[in-house]
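The structure under discussion appears below in the form of structure tokens.
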Amino acid sequence: MANRQLNREEILAALDWYVAAGVDIAVGEVPVDRFAQSAIKPAASVRRVLPTPAPQPVGRPAPAAAAGATDADPDQARALAASAGTLDQLREMLADFDGCGLKLRATNLVFADGNPEADIMLVGEAPGRDEDLQGKPFVGRSGQLLDRMLGAIGLDRTKVYIANTVPWRPPGNRTPSPSEVAVCLPFLYRQIELVAPKVLVALGGASASTLFETDTGITRLRGQWRDLTIGAHTMRAVATLHPAYLLRQPAAKRLAWQDLLSIKTALGQ
Ligand code: URA
Numbered sequence: 075m076a077n078r079q080l081n082r083e084e085i086l087a088a089l090d091w092y093v094a095a096g097v098d099i100a101v102g103e104v105p106v107d108r109f110a111q112s113a114i115k116p117a118a119s120v121r122r123v124l125p126t127p128a129p130q131p132v133g134r135p136a137p138a139a140a141a142g143a144t145d146a147d148p149d150q151a152r153a154l155a156a157s158a159g160t161l162d163q164l165r166e167m168l169a170d171f172d173g174c175g176l177k178l179r180a181t182n183l184v185f186a187d188g189n190p191e192a193d194i195m196l197v198g199e200a201p202g203r204d205e206d207l208q209g210k211p212f213v214g215r216s217g218q219l220l221d222r223m224l225g226a227i228g229l230d231r232t233k234v235y236i237a238n239t240v241p242w243r244p245p246g247n248r249t250p251s252p253s254e255v256a257v258c259l260p261f262l263y264r265q266i267e268l269v270a271p272k273v274l275v276a277l278g279g280a281s282a283s284t285l286f287e288t289d290t291g292i293t294r295l296r297g298q299w300r301d302l303t304i305g306a307h308t309m310r311a312v313a314t315l316h317p318a319y320l321l322r323q324p325a326a327k328r329l330a331w332q333d334l335l336s337i338k339t340a341l342g343q
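In terms of our numbering, the sequence shown opens at residue 75 and continues consecutively.
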């Protein structure tokens, strides 16, 4: 019996079993060094590049990250993002943008959900499996908890705008690499500028480190209000605990509740 060829039904059953066990990436048996491959050339992969780079957002230099093999130069992303006059244009631009390696493995672009006119914008880290399948941020288990948290202070998705630091799901839900974040960041900055919220909330440590450019951990950072200027827009900003963390550590909901109450106050509700 050992090493016999599987028939079609057995192969399908094995695949079903892998999916049920959470395996959602097919890899070969022999390792492939993707960094050594040059199929995607960083500069050429940006479809539209403005002749002159746009000015950097005030006080927001791009993170110093070397572009990965499949990630474009953040300067090109910055010039491109600056040319988007509306959120629709920005979404289209991102959908056409081939300068971030994450796009290669993602099913959908996860641009945003909610109301672009909202006073409050929430920024998570990266889409997960459910978000990738539906093309919307925070629709899985942590999204359901987020909805309940927002509901507790009288908010719902008609009253908030939600995005992520990267708009494509990292394979296997890994942390996005510095070069992936760096190339996506100009698009997020432009998105924030176009929404121009009164209040910006970073959900979790990764989002807070990116937006506030700090290595301080989320436990110390959360609940600390600051003024944040991105491009021409200045807003009040705060970090809170990520709903996925709260699912794992329900005792921390007490801290998240304090943050929610201060967010409610900042919104003047
Ligand atoms: N976690 C995030 O940070 N973002 C999502 O969209 C979903 C889960």
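C-beta: ideal position from N, C-alpha, C; glycine also.
Checklist entry - If we count the other Cβ atoms within 10 Å of its Cβ and call it buried at 16 or more, is Asp-349 buried or exposed? => result What the structure shows of the chain is the stretch from 75 to 343, and residue 349 is not part of that stretch, so it cannot be assessed.
Item to check | Ala-330 and Leu-341 closer than 8 Å at C-beta | outcome: no
Next on the checklist: Which residue marks the beginning of the alpha helix (DSSP H) containing Leu-80, and which one marks its end?
Outcome noted: Careful: Leu-80 lies outside any alpha helix (DSSP H) and carries neither H nor E.
Checklist entry - If you check the beta carbons only, do Pro-190 and Tyr-235 fall under 8 Å apart? => result yes
Checklist entry - Over what stretch of residues does the beta strand (DSSP E) that includes Thr-303 continue unbroken? => result 300-304
Checklist entry - Under the criterion of a Cβ to heavy atom distance below 7 Å, does Ala-186 qualify as lining ligand 1? => result A distance criterion of 7 Å places the beta-carbon of Ala-186 beyond contact range of ligand 1, judged by its closest non-hydrogen atom.
Next on the checklist: Is Gly-246 near ligand 1 - that is, is its Cβ less than 7 Å away from at least one heavy atom of it?
Outcome noted: no
Item to check | 8 Å CB neighbourhood of Trp-299 in its chain, flanking five on each side removed | outcome: If we look at Trp-299 and ignore the five residues flanking it on each side, its Cβ neighbours are Arg-310, Ala-311, Val-312, Ser-336 and Ala-340.
Checklist entry - Should Ala-88 go down as buried or exposed, given a rule of 16 or more other Cβ atoms within 10 Å for buried? => result exposed
Item to check | Cβ-based burial, Lys-272 [other Cβ within 10 Å; buried from 16] | outcome: exposed
Checklist entry - Roughly how many whole angstroms lie between the Cα atoms of Thr-288 and Thr-181? => result 31 Å
Item to check | Nearest to Asp-149 (by Cα), restricted to the options Met-195, Phe-261, Ser-283 and Leu-295 | outcome: The residue with the shortest Cα to Cα distance from Asp-149 is Phe-261.
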